[in-house]
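Presented below is the structure to which this report refers.
In UniProt numbering, the protein residues as written are 1 to 192.
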């Protein structure tokens, strides 16, 4: 497993950084199917990450910045979810979490884009491409909507069609370019 975009704790400066962090947690937990839904309007930006991983132990404590399930010799705390909650709430948004042992986890975060305290969205195309290419054993389903327009990517369908080749640099480049073009089309308001 490898991630093309490296981001350290404390480097969560954009909404895309938070999305990357939450989705990486799903991969690290062993999820094999991850669905990312991104919805954007003029006022709100919402992302949801759903996985079929093992679920989260002690879900009532995950927003505590001093709690972690990791080996304390490796790192004492995990700050991704507390930082996400803080960033969303500073903008007037919120974060919700649903988890069930053996069934998976759903994290949903909403940000008020009109708030002066809202972080910038960041590089969604690069984030999504990096996640999709990060682990060939994970099936990714991405649904992206902006004001009713959007696109979807389903890596299981790409695999079935024989179009999946994440180790090929040309494929990686094609994926990055395609996502950049799709995001640009959404910004311009063109329907895809």
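For every residue, glycine included, the Cβ atom is placed at its ideal position computed from N, Cα and C. Computed from a prediction, not measured in an experiment: that's the story for all the values here.
State the beta-bridge partners of residue i as determined by DSSP.
{"i": "residue 100", "result": "104"}
{"i": "residue 112", "result": "44"}
{"i": "residue 152", "result": "143"}
{"i": "residue 49", "result": "36 and 107"}
{"i": "residue 94", "result": "110"}
Determine, using beta carbons only, whether residue i and residue j come nearer to each other than 8 Å.
{"i": "residue 139", "j": "residue 127", "result": "no"}
{"i": "residue 22", "j": "residue 84", "result": "yes"}
{"i": "residue 51", "j": "residue 104", "result": "yes"}
{"i": "residue 43", "j": "residue 143", "result": "no"}
{"i": "residue 129", "j": "residue 182", "result": "no"}
{"i": "residue 261", "j": "residue 169", "result": "Residue 261 lies beyond the residue range present for the chain, which begins at 1 and ends at 192; the question has no answer from this structure."}
{"i": "residue 24", "j": "residue 55", "result": "no"}
When you compare only the Cα positions, how much space is there between residue i and residue j?
{"i": "residue 185", "j": "residue 121", "result": "16 Å"}
{"i": "residue 34", "j": "residue 20", "result": "12 Å"}
{"i": "residue 90", "j": "residue 14", "result": "13 Å"}
{"i": "residue 171", "j": "residue 124", "result": "18 Å"}
{"i": "residue 116", "j": "residue 160", "result": "45 Å"}
{"i": "residue 173", "j": "residue 49", "result": "24 Å"}
{"i": "residue 41", "j": "residue 189", "result": "12 Å"}
{"i": "residue 179", "j": "residue 108", "result": "22 Å"}
{"i": "residue 132", "j": "residue 18", "result": "16 Å"}
{"i": "residue 75", "j": "residue 57", "result": "Low local confidence applies: a pLDDT of 48 at residue 75 is under 50, so the model's placement there is unreliable, and no value is given."}
{"i": "residue 96", "j": "residue 146", "result": "21 Å"}
{"i": "residue 82", "j": "residue 141", "result": "25 Å"}
{"i": "residue 77", "j": "residue 62", "result": "At residue 77, the pLDDT of 44 sits below 50, so the modelled position is not reliable and the matter cannot be decided from this model."}
{"i": "residue 187", "j": "residue 162", "result": "31 Å"}
{"i": "residue 153", "j": "residue 60", "result": "32 Å"}
Report all residues from its chain with a CB closer than 6 Å to the CB of residue i; omit the five preceding and five following residues, and keep chain order.
{"i": "residue 46", "result": "39 and 110"}
{"i": "residue 87", "result": "119"}
{"i": "residue 98", "result": "106"}
What three-state label does DSSP hand residue i in the structure shown?
{"i": "residue 143", "result": "strand"}
{"i": "residue 32", "result": "coil"}
{"i": "residue 62", "result": "coil"}
{"i": "residue 167", "result": "coil"}
{"i": "residue 174", "result": "helix"}
{"i": "residue 202", "result": "The shown model of the chain, from 1 to 192, leaves out residue 202, and the question about it has no answer."}
{"i": "residue 132", "result": "helix"}
Give me, in chain order, the residues of the same chain whose beta-carbon lies closer than 8 Å to that of residue i; leave out the 5 immediate sequence neighbours on both sides.
{"i": "residue 158", "result": "164"}
{"i": "residue 16", "result": "121, 122, 123, 124, 126 and 127"}
{"i": "residue 80", "result": "9, 12, 18, 21, 22 and 25"}
Please list, in chain order, all residues of the same chain as residue i whose beta carbon is under 7 Å from its beta carbon, the five residues on each side excluded.
{"i": "residue 94", "result": "88 and 110"}
{"i": "residue 53", "result": "26, 29, 30, 31, 104 and 105"}
{"i": "residue 92", "result": "112 and 115"}
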